[in-house]
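Have a look at the structure below, then the notes.
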Amino acid sequence: LSSVPQTIARPASPLAGLRFRHAREEGIRGVLALCALVSVLTTGAIIYMLLRESLPFFAVVRLSEFFLGTEWAPLFEPARFGVLPLVVGTLQITLGAALIAIPFGLASGIYLSEYASPRLRSMLKPLLEVLAGIPTIVYGYFALTFITPYIVKRLFPSADVFNAAAGAIVVGIMVLPLIASLCDDAFRAVPESLRHAAYAMGATKLEVSLQVVLPAALSGVFAAFILALSRAVGETMAVTLAAGATPNMNWSPLHSIQTLTAFIVQVAQGEAQHGEIAYQSIFAVALLLFAITLTMNFIAHKVLKRFREVYD
Amino acid sequence: MSAVQTDIIRAKPHASPNVRFRKGRAGVVGIIFGAMTWFAVLLLAVLIWRVLADGLPYLKRHFITNFASYKAAKAGIKAALAGSAWMLGCTALISIPLGVGAAIYLQEYARKNKLNRFIEVNISNLAGVPSIVYGLLGLTTFVYLLHLGRSVIAAALTMSLLILPVIITASREALKAVPDSIRHGAFALGATRWEVVRNHVLPAALPGILTGVILSLSRALGEAAPMVLIAALSIRSVPKGLGDSFTVLPIQIFNWASRPKEEFQHLAAAGIIVLLIFLLVMNSLAVYIRYHTEKKYKW
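Chains as they are written, first to last, in our numbering: chain C, 335 to 646; chain W, 862 to 1160.
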């Protein structure tokens, strides 16, 4: 008992300790906040550098030529800067990938969440994660050495060595696990009570899956599609290796094309010097790419927020 | 009364054709969905089989110890291995403190105000930016503006920015999983916020954070697109410092794969095998950590 008043009688040191602790707290808080601000700085830097490097480009090339021109040849004389061929190439890859990834991804999502037993699920999920974790360069190799010679060329002997079909197929395979896993998450967020109610009314498993669970999870499914397509738009290495470097407006998937991303790689590998128009043109292309993917991600998040069914 | 009962009894053994059709359809479509899921797994198997068949004959000791060469029989990945190790090590040193720090701020400190909402939305947007755009950011900012050149440090800074959103998101999930009772207990004993985080929340969340960090570093190891702009396409030396030029494994693979000669494509396959082995080790480590902590903590 006698020891208690003694500690109270010396107030100076605990107070000093408290002040020190308080100062330290504020300092640490500041440092941590700076870490979080790095992400904002990154966004700012991305937008700043894209604008700064592409503004000189747009001072020379008119916007109408860039967006409406049908010839893209920045490395030739006379140079042409119509971005539409690159956009067509990117669209071919993206739509082709969607044709593969959406049905397979959606079916896998439904199977994982509604049909598979917990044991099977715990086996399939990691396998799909492995598929999603394989570097894109490996997919590019797979497209070039397997999909083109053994699938595309077998079916269509006239196909080019580099062709849009192989690129689209391999990008489809690449984003398939993303769709499957996001759809699976969306389906599993639908409460069991809805399923039980449907089963009690005599619905079959398929009817429960397609007529009850799918509509309830539709916002998540749509968001998954859009996110996967935005990934396909930004995909670089696989399409560079598989689909070639020939910008053109030809919609035939058997020919060599060039995507927005593949053009950036082509110029980066070449000799274009800092300050040249060819160097600046990759920033104009990157700005367009950035705007497209940002818009798609924005739509995906809006869809998720706006149309989500909330269950309690 | 009796008429109704016989009706029910008769209905049971002969389900109406409609019900039989619906049940049959459900079964058939289920099998189709299952087959489509397994098709993805089959593709994975074909991919790995192709890479092994092409690359294994080229995977000899000198493949690891030699530099790249125009003679396929002598070419190796020494420079790429060393470059990848340097790049990954530096990326880890930069991105882990930044990412975990940002996650702690957002999860433990930040109030729900406009600035912090903005930071959160911003991070989720950054995760969707194509990796080639990060390469351009690194090229303009680190290589040219800061005069770092096409060096290890410029690559590590670029890669750090690329994986930061992934580290932050994973670390936040791990911090979120720590129950509030632990924080309340520590606060009640007079701990400051930092003491609560450092002594109680962080240790409990560490396995989850570690898993996220390893997975994002494995992404950095396999990422080629931004490195196309910063790494050297072919190089015959090992970096000795942060300012040296370098190449990484995915770029060496890209270089070989894009040559028309079949020998070089097989070299690319051998490089892919090495890359996949490293990724497998890292992912197994992450799974091991996740598995072992799920058993240890029960809240």
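Don't be surprised by glycine CBs; every beta carbon is placed ideally from N, CA and C.
When the five nearest sequence neighbours on each side are left out, the beta carbons in the same chain lying within less than 6 angstroms of the beta carbon of A963 (chain W) are those of I1029, in order along the chain. In this structure L433 (chain C) is exposed. Its beta-carbon is surrounded by fewer than 16 other beta-carbon atoms within 10 angstroms. M571 (chain C) reaches chain W at A1085, A1086 and F1115, counting residues in chain order whose Cβ is nearer than 7 angstroms. Between V504 (chain C) and I481 (chain C) a beta carbon distance of about 6 angstroms is seen, short of the 8 angstroms cut, so the two are scored as contacting. Pairing T580 (chain C) with F597 (chain C), the inter-Cα distance amounts to about 9 angstroms. When DSSP states are grouped into helix, strand and coil, W585 (chain C) belongs to the coil group. Within the same chain, Cβ atoms closer than 7 angstroms to the Cβ of A1118 (chain W) are found at Q1126 and A1129, the five residues on either side in sequence being excluded.
Under DSSP, the beta-bridge partners assigned to A407 (chain C) are C:R414. Pairing T1053 (chain W) with E359 (chain C) gives a Cβ-Cβ distance under 7 angstroms.
Remark: C-beta atoms of L510 (chain C) and A435 (chain C) approach each other more closely than 7 angstroms. Interface criterion not met: the Cβ of R972 (chain W) is under 7 angstroms from no Cβ in chain C.
For G960 (chain W), the enclosing alpha helix (DSSP H) has its first and last residue at K939 to I965. If you check each beta-carbon in the segment 881-896 of chain W against every beta-carbon of chain C, the ones closer than 8 angstroms belong to R883, K884, R886, A887, V890, G891, I893, F894 and G895.
Nearest CB-CB separation between I955 (chain W) and chain C: not below the 7 angstroms threshold. G999 (chain W) and A936 (chain W) have their C-alpha atoms some 30 angstroms from each other.
Rounded to the nearest angstrom, the gap between the Cα atoms of V1062 (chain W) and H923 (chain W) is 48 angstroms. Using beta-carbon distances, A933 (chain W) does not count as an interface residue toward chain C, since no partner is under 7 angstroms.
W:E969 is the residue among W:E969, W:N974 and W:W1055 whose C-alpha sits nearest the C-alpha of A1038 (chain W). Counting of Cβ neighbours within 10 angstroms places D915 (chain W) among the buried residues, the total reaching 16 or more. Chain W has a Cβ within less than 7 angstroms of the Cβ of M383 (chain C). Within the segment 1098-1128 of chain W, P1111, I1114, F1115, A1118, S1119 and Q1126 place their CB atoms closer than 8 angstroms to a CB of chain C, listed in sequence order. Closer than 7 angstroms to the CB of S442 (chain C) there is at least one CB belonging to chain W. Around the beta-carbon of F476 (chain C), 16 or more other beta-carbon atoms lie within 10 Å, marking it buried. H608, I616, F617, A620, L623, F624, T627 and L628: these are the residues of the segment 604-629 of chain C whose beta carbon lies less than 8 angstroms from some beta carbon of chain W, given in chain order. The Cβ atoms of I471 (chain C) and V573 (chain C) do not sit closer than 7 angstroms to each other. In terms of beta-carbon proximity, V1039 (chain W) stays away from the interface with chain C, with every pair separated by 7 angstroms or more. DSSP places G609 (chain C) outside both helix and strand once states are collapsed to three, so it counts as coil. If you compare the alpha carbons of W:G888, W:V1074 and W:R911 with that of I1024 (chain W), the shortest gap goes to W:V1074. The C-beta separation of I513 (chain C) from A558 (chain C) comes to about 5 angstroms, placing the pair in contact by the 8 angstroms criterion.
Closest in alpha carbon position to Y1149 (chain W), among W:S877, W:L1076 and W:G944, is W:L1076. One Cα belongs to F400 (chain C), the other to F415 (chain C), and the distance between them is close to 6 angstroms. L904 (chain W) and I507 (chain C) have their C-alpha atoms some 8 angstroms from each other. For A532 (chain C) against V546 (chain C), the beta-carbon gap comes to about 5 angstroms, under 8 angstroms, which counts as contact.
Around the C-beta of G609 (chain C), fewer than 16 other C-beta atoms lie within 10 Å, and the residue is accordingly described as exposed.
By the rule that beta-carbons nearer than 7 angstroms mark a contact, N879 (chain W) does not touch chain C.
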